[in-house]
Amino acid sequence: MRDRALIVSASMGAGHDAVAAELARRLAASGARVEVVDVLALLPLRLGALLRWWYRGVMLRAPWLYALVYRVFFVSPRASATSPLTVVAAAGLARVVRRVRPSLVVPVFHVAAQAAGHLRARGRLAVPSVVVLTDFAVHRLWLHPGNDRYLCPDTATALAVTAAAGRPAFRCAPIVRPRFTAPRAAPAEVRARIGLRDGDRIVLVCAGSWGVGRVAATARLLARSGRYAPVVLCGRNERLRRRLGRLLGRAGAGAAVGWRDDLADLLASAYALVDNAGGLTCREAFAAGVPVVTYRPIAGHGRDGVLAMARAGVSVHARRRADLLRALDRLEPGLPGRGALTARAAALFTSAPAESLLLPDLLLPGDAVPRPWEPAP
1 MRDRALIVSA
11 SMGAGHDAVA
21 AELARRLAAS
31 GARVEVVDVL
41 ALLPLRLGAL
51 LRWWYRGVML
61 RAPWLYALVY
71 RVFFVSPRAS
81 ATSPLTVVAA
91 AGLARVVRRV
101 RPSLVVPVFH
111 VAAQAAGHLR
121 ARGRLAVPSV
131 VVLTDFAVHR
141 LWLHPGNDRY
151 LCPDTATALA
161 VTAAAGRPAF
171 RCAPIVRPRF
181 TAPRAAPAEV
191 RARIGLRDGD
201 RIVLVCAGSW
211 GVGRVAATAR
221 LLARSGRYAP
231 VVLCGRNERL
241 RRRLGRLLGR
251 AGAGAAVGWR
261 DDLADLLASA
271 YALVDNAGGL
281 TCREAFAAGV
291 PVVTYRPIAG
301 HGRDGVLAMA
311 RAGVSVHARR
321 RADLLRALDR
331 LEPGLPGRGA
341 LTARAAALFT
351 SAPAESLLLP
361 DLLLPGDAVP
371 RPWEPAP
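Sequential numbering from 1 applies to the sequence shown in my numbering.
Below, the structure written as structure tokens:
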């Protein structure tokens with residue numbers, strides 16, 4: 001059977017799983033059979049749950065520790081080219097491959113990419129492994145020479161991957177759910193849902209699904225400016241939501257909200273998004289035509305990601321308090337800065353959809369039809 005895709009994600013926050021789910025939906029709509037697995041669930045002795053617990057706790061309480069780990073193990077030239085979890089994750093992935101018998105493996109998380117590349121390099125994975133990168137900044141643990149190809153968010157990332165891993169890398173459009181290009185509710189209705197007044201200029205402040213980062217200071221700065229109404233997306237961090245709810249209530253501006261299923265409507269009603277990680281919510285803002293300003297990035301890959309997005313010209317990185325307000329002030333509708341920024345972000349979606357670069361491995365027989373990534377003879 002040449003129509004089975006195995007997508008390997010990770011339940012670290014919500015972004016990787018959301019990308020995996022949307023990619024699975026698209027492949028299934030094209031006729032493929034798709035299974036999504038969590039690489040953390042493939043680790044023995046509940047190591048995956050322990051790793052997620054440790055990472056979440058460190059990001060919430062000791063981000064300096066993750067910054068150190070990231071510097072030593074993820075980006076240092078002296079670091080090992082493989083993760084210590086590679087071999088055990090690869091053993092679990094091999095068991096899933098034997099059960100599913102896929103014609104294509106698609107990792108969307110760095111440990112998954114390492115595991116698939118490990119199996120492929122040792123002849124234990126007989127089908128292609130195509131890694132979908134979910135970040136603009138790629139650390140060494142995304143890269144394994146055993147993988148066949150990499151799909152990247154922009155040309156600079158693709159060139160960096162090819163130079164570092166020696167594997168072909170190609171641009172693909174961000175994998176975002178269709179709802180973000182088709183908002184459903186009117187702005188006044190959205191403001192009423194979250195208790196804001198008609199005419200409030202909404203600036204969404206994203207803290208990810210775990211509610212991490214120094215977003216309280218960001219919300220306070222925006223509220224005190226008198227020009228913006230911060231709406232902090234606290235994810236599933238109820239403690240943060242309650243604390244910021246009290247803070248913004250005293251300031252008389254803005255709101256703190258928990259996990260939302262109407263994020264597309266919120267984005268469509270927003271003046272801008274202030275983000276601290278460069279993750280999926282930024283891509284969703286790009287799709288919705290909402291400008292992105294990054295500020296106070298989280299440690300490690302978050303900082304590298306927001307800087308890479310700024311270098312790509314699809315977001316503005318504010319380094320200081322005054323820079324944040326200045327950047328937002330320059331995004332007034334009708335000013336050239338806003339139009340240029342959103343146009344560059346929208347251009348990301350003119351690249352080939354990820355599924356179009358995967359379907360030849362799934363649905364075409366043998367090598368009879370040239371792959372779209374192959375050069376012309």
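Glycine is no exception: its CB is placed at the ideal position from the N, C-alpha and C atoms.
Neighbourhood of R283 by C-beta distance below 7 angstroms, restricted to the same chain and skipping five residues each side: P174, V176.
In chain order, what residues of the same chain lie with their CB nearer than 8 angstroms to the CB of A164, ignoring the 5 residues before and after it? Excluding sequence neighbours, A164 sits near V138, R140, L143.
Terminal residues of the alpha helix (DSSP H) in which V96 lies: Counted as a single uninterrupted DSSP element, the alpha helix (DSSP H) harbouring V96 occupies residues 86-100.
Is L151 buried or exposed, if buried means 16 or more other CB atoms sit within 10 Å of its CB? It counts as buried.
C-alpha gap between G48 and G117, whole angstroms: Taking the straight line from one Cα to the other gives about 19 angstroms.
Helix, strand or coil at R4 according to DSSP, with G and I counted as helix: In the displayed model, R4 falls within a strand according to three-state DSSP.
As assigned by DSSP and simplified to three states, the class of L159: Residue state, collapsed to three classes: helix.
I'd like to know whether the C-beta atoms of S83 and R4 end up nearer to each other than 8 angstroms. R4 is positioned such that its CB atom lies no closer than 8 angstroms to that of S83.
Pull up the distance between the alpha-carbon of A32 and that of E355, whole angstroms please. Using only the alpha carbons, I get a separation of about 10 angstroms.
Starting from T294, trace the beta strand (DSSP E) in both directions and tell me its first and last residue. Annotation: the continuous beta strand (DSSP E) that includes T294 extends over 292-295.
Which residues bound the alpha helix (DSSP H) around Y150? For Y150, there is no enclosing alpha helix (DSSP H); the enclosing beta strand (DSSP E) has its first and last residue at 149-152.
Host beta strand (DSSP E) of P107 (start-end): Per DSSP, P107 belongs to the beta strand (DSSP E) from 104-107.
Whole-angstrom C-beta distance between L60 and W381, which should lie under 8 angstroms: Within the shown structure, residues of the chain are numbered from 1 to 377, placing residue 381 beyond reach of any answer.
How far does the beta strand (DSSP E) with H139 in it reach, from first residue to last? Run containing H139: none; DSSP gives neither H nor E here.
What are the start and end residues of each continuous alpha helix (DSSP H) run of 4 or more residues lying completely inside the segment 197-237, in chain order? If one requires a minimum length of 4 residues, the alpha helix (DSSP H) runs lying completely within the segment 197-237 are 215-225, in chain order.
What first and last residue would you give for the beta strand (DSSP E) that runs through A24? Counting along the chain, A24 sits inside no beta strand (DSSP E); it lies in the alpha helix (DSSP H) bounded by residues 15-29.
Any 3 or more C-beta pairs closer than 8 angstroms across the segment 304-311 and the segment 257-277: Yes, the segment 304-311 is in contact with the segment 257-277.
Considering only their Cβ atoms, is the gap separating L51 from L42 smaller than 8 angstroms? No, these two residues do not count as a Cβ contact at 8 angstroms.
Below 8 angstroms on the Cβ atoms is my guess for A343 versus D265; work out the distance and round it to an integer in Å. Contact flag wrong, Cβ pair sits at about 23 angstroms.
Same chain, Cβ closer than 8 angstroms to V87, neighbours up to 5 away in sequence not counted: So the qualifying residues of the chain are H118.
I need the boundaries of the beta strand (DSSP E) containing H144, first residue and last residue. In this chain, H144 is not harboured by any beta strand (DSSP E), its DSSP state being neither H nor E.
Which of the three DSSP states, helix, strand or coil, is assigned to R338? Under the three-state reduction of DSSP, R338 is assigned to helix.
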